[in-house]
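Worksheet: the structure to be examined is printed underneath.
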Amino acid sequence: MATVHAGRPPAPPTPGVGRHRFYIWTSGCQMNKDDSERIARALVAAGHVPVSHPDRASFVILNGCSVRDNSDRKTFGRIGALGARKRREPFLQVALTGCTVRATAAELAPHRPKLDLIFDNSRVEELLDHMASQPGPVVDDWEDFSPQDLPGFGSPTRYVTVIYGCSKRCTFCIVPFRRGGERSRPPEEIEGEMRTKAAEGAVEITLLGQIVNRYGRDRADGPDLAGLLRRLDRQAIVPRLRFLTAHPRHFDRSLAEAMAECQTVLEEINLPVQSGNDEVLRRMGRGYNRAWYLDMIAMLRDTVPGVAISTDVIVGFPGETEDQFRSTLELMEEVRFDVVHIAAFSPRIGTVADRWGDDIDPAVKLERLHRCESLQKDLAESINADLVGSRQQVLIEQLQPARAAGGGPRWMGRTRTNKLVFAPGKAPLAPSQIVDMDITDATAWSLRGAPVTAV
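Start counting at 1 in the sequence shown, then tack on 17, and there's your number in this note's numbering.
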């Protein structure tokens, strides 16, 4: 795939037929964001021009998410709004990609007439061929385009997908049906994409996968994730590496040792537990029990001192009793996660859990969600308070403008353990800079720091 290098856009397109101004709307996870960036680059290489608002576009691409029912509804709502616009602007083209393209026929049927193309995001050539065949308005503003208009260009933090799809069958999850089976990318391809993004200003790259620690297990040759991390660490393409999301069942000592031994790999990981109750975990199809998860956490903390651990929790899973829910609260207290992403169970058509019925009252789900949030707020406040007085290495991401509620501009960055840090805007800092900061204050959600030195 063609790439766009810093300060050097591809050759200008010939104005007229087959050249479009395009806009990509993205919903969902970091993998969708990375897919949208890849699609945008392919379109620019073909001579199309990205615009910052859908109203300026002659071609709109919707990259939809399906992880929860309301995610699909959000995408379908966008299709409806664009369908109304198409009646006023017949030249407008609308394409759909992402997990939503594998929705059931019944779910997609009402929306198909408003769509000009439905394509799998791994087959960008279908989009390119379709756009080339469609009359477009004269593109006369290529001189106004710069590489900085591309998604992610110049950002200190970027994503690179290393494995697509998922071959697990958690009973609540629609992703394997929408993303397909596991497909690992060759390490050379990953390295090439990382070098491109590093040349465009990336300082920190997060390696992505639905189950990122399944990387390489679908290939007869090549490294697993631990081997890939060691390989990338030796090359030092960027100074900071993360990976997301790891499945607890496939997290082992070799991966923990790679985290500990690789200088560029940061001390932070997401390990979704989903529930603290053995019976709920069994019915979820997670492949581990509470004791196994706790032993794995103990091994990780022993191997990677100071590691920050985040997790995901589902409340209101079919049949979840109050006692079973309390087991989750107790596990949260025992592990003391740095961050907990909490969601109420949402049935997805086609999954095993959907057959069991959504039998937990919505009010009960909401109450349990709020109890989890309240507990995690208290835990995070305590964890972050322990960092006051410490010195942390921080990657500066951006200068935030003055807030409406008061206060001047402030620098925003993240520690190696992914803690959000704010520093006074008057400090002599810059995006992409890595600095040491003394932590002076903390809340449940962020830290406040005073810059000391650049690293």
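Virtual Cβ for every residue (Gly too), placed ideally from N, Cα, C. Since this is a predicted model, take the numbers as computed values, not measurements.
Going by C-alpha to C-alpha distance, which of the options sits closest to residue i?
| i | options | result |
| --- | --- | --- |
| asparagine 401 | Gly323, Pro173, Gln47, Gly197 | Gly323 |
| aspartate 455 | Ala467, Thr338, Ser463 | Ala467 |
| glycine 425 | Lys436, Arg248, Asn435, Gly442 | Gly442 |
| asparagine 306 | Thr345, Val179, Met276 | Thr345 |
| lysine 436 | Ala215, Arg420, Val405 | Val405 |
| serine 172 | Ala461, Glu54, Arg420, Val357 | Glu54 |
| glutamine 227 | Asn80, Phe260, Asp319 | Phe260 |
| glutamate 296 | Leu311, Tyr310, Arg465, Glu337 | Glu337 |
| tyrosine 176 | Thr92, Leu392, Ile78, Val229 | Val229 |
| glycine 293 | Ser44, Ile359, Asp453, His147 | Ile359 |
| glutamine 252 | Arg231, Ala263, Val282 | Val282 |
So the beta strand (DSSP E) residue i belongs to, where does it begin and stop?
| i | result |
| --- | --- |
| asparagine 287 | 285-287 |
| glycine 409 | This sequence places glutamine at residue 409; glycine is not what is there. Note, glutamine 409: beta strand (DSSP E), 408-417. |
| glutamate 337 | Unbroken run through glutamate 337: none, as it is neither H nor E. |
| proline 441 | 437-441 |
| phenylalanine 76 | 76-81 |
| aspartate 375 | Segment: none, aspartate 375 is in no beta strand (DSSP E) and carries neither H nor E. |
| histidine 264 | Here histidine 264 belongs to no beta strand (DSSP E), and DSSP marks it neither H nor E. |
| threonine 281 | No beta strand (DSSP E) contains threonine 281, which DSSP labels as neither H nor E. |
| tryptophan 462 | Run containing tryptophan 462: none; DSSP gives neither H nor E here. |
For residue i, count neighbouring C-beta atoms within 10 Å of its own C-beta (all shown protein chains included) and say buried if the count is 16 or more, exposed if not.
| i | result |
| --- | --- |
| glycine 182 | buried |
| proline 335 | buried |
| glutamate 206 | exposed |
| glutamine 47 | exposed |
| arginine 105 | exposed |
| proline 107 | exposed |
| aspartate 238 | exposed |
| leucine 483 | Because residue 483 is not part of the residues shown, which for the chain are 18 to 472, the question remains open. |
Which same chain residues end up closer than 8 Å to residue i when comparing Cβ atoms and leaving out the 5 residues on each side of it in sequence?
| i | result |
| --- | --- |
| isoleucine 314 | Leu288, Ile326, Val352 |
| serine 139 | Tyr181 |
| isoleucine 222 | Thr174, Arg175, Tyr176, Val177, Met211, Lys214, Ala215, Ile254, Val255, Arg257, Leu258, Arg259 |
I believe residue i touches residue j by the beta-carbon criterion, under 8 Å. Please report the beta-carbon distance rounded to the nearest angstrom.
| i | j | result |
| --- | --- | --- |
| glycine 218 | serine 449 | 6 Å |
| valine 438 | valine 411 | 5 Å |
If I measure Cβ to Cβ from residue i and keep anything under 6 Å in the same chain, skipping five residues before and after, which residues do I get?
| i | result |
| --- | --- |
| valine 68 | Arg38, Tyr40, Ala74 |
| arginine 388 | none |
| tryptophan 462 | none |
| threonine 434 | Glu284, Glu285, Ala325 |
The alpha helix (DSSP H) with residue i in it runs from where to where?
| i | result |
| --- | --- |
| arginine 105 | 86-105 |
| glutamate 221 | Segment 221-226 is the beta strand (DSSP E) holding glutamate 221; no alpha helix (DSSP H) there. |
| glycine 244 | 242-252 |
Please return the same chain residues whose Cβ sits closer than 7 Å to the Cβ of residue i, not counting the five positions on each side in sequence.
| i | result |
| --- | --- |
| alanine 243 | Ser271, Leu272, Ala275 |
| glutamine 417 | Pro426, Arg427, Met429 |
| methionine 316 | Arg270, Ala273 |
| threonine 470 | Val452, Asp453 |
| glycine 198 | Gly182, Ser184 |
| glutamate 160 | Because the pLDDT of glutamate 160 is 48, which lies under 50, any placement of that residue in the model is unreliable, and the question is left without a value. |
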